[in-house]
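So for the sequence shown, this note's numbering puts the first residue at 7; every next one is plus one.
Heads up: the structure comes next, in structure tokens.
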Amino acid sequence: MKTTILSLKATLNEYFFLHFEWVALTTGLLLMALLDPFSDAESLCILSRLGFEYCPGCGLGTSVSHIFRGEFFASIQANPVGLFAVLIIPARVVSIFHRNYNYKKRTNK
């Protein structure tokens with residue numbers, strides 16, 4: 007029974023290692039892409055809720071949303087880093103798939 011639990015734990019740890027990051031990044035990018043950039047909804051930013059005037063991440067979701075709508079100038083106005091996020095996140099997901107492929111090839115799973 008104890009070896010079964012340890013085996014299950016090892017399997018779950020391996021599954022988490024292989025899949026959590028790419029699922030989280032893809033979900034985040036899709037949610038930002040589907041975001042309404044013209045919405046007046048309350049911000050979820052912790053720094054703005056604490057009263058800080060400047061947050062480097064504020065407007066990133068809006069910027070990505072504008073990019074997926076083809077509004078590049080509005081995207082840069084919202085947050086200039088949005089374009090880099092749209093380029094870097096898919097590149098990171100591809101690198102994770104490459105890592106997973108090599109890992110599974112090495113372990114013959």
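Glycine is no exception: its CB is placed at the ideal position from the N, C-alpha and C atoms.
For L36, is the classification buried or exposed, using 16 other Cβ atoms within 10 angstroms of its Cβ as the cut-off for buried? exposed
Report the rounded CA-to-CA distance for E48 versus E59, giving the unit in angstroms. 15 angstroms
Cβ-Cβ distance between P43 and A16 below 9 angstroms: no
Skipping 5 residues on each side, what residues in its chain have a beta carbon closer than 8 angstroms to that of G67? L37, M38 and L41
Spatial distance of H72 from S45 (CA atoms): 12 angstroms
Helix, strand or coil at A47 according to DSSP, with G and I counted as helix: coil
In this structure, does DSSP put G65 in helix, strand or coil? coil
Given I94 as reference, the closest of Q83, T32 and N114 once Cα atoms are compared: T32
Residue from F90, A97, N114 and L53 whose Cα sits closest to the Cα of V70: F90
Inspect the beta-carbon positions of L24 and N106 and report whether they are closer than 9 angstroms. yes
Nearest to V99 by CA position, among Y21, F26, S54 and S13, is which residue? F26
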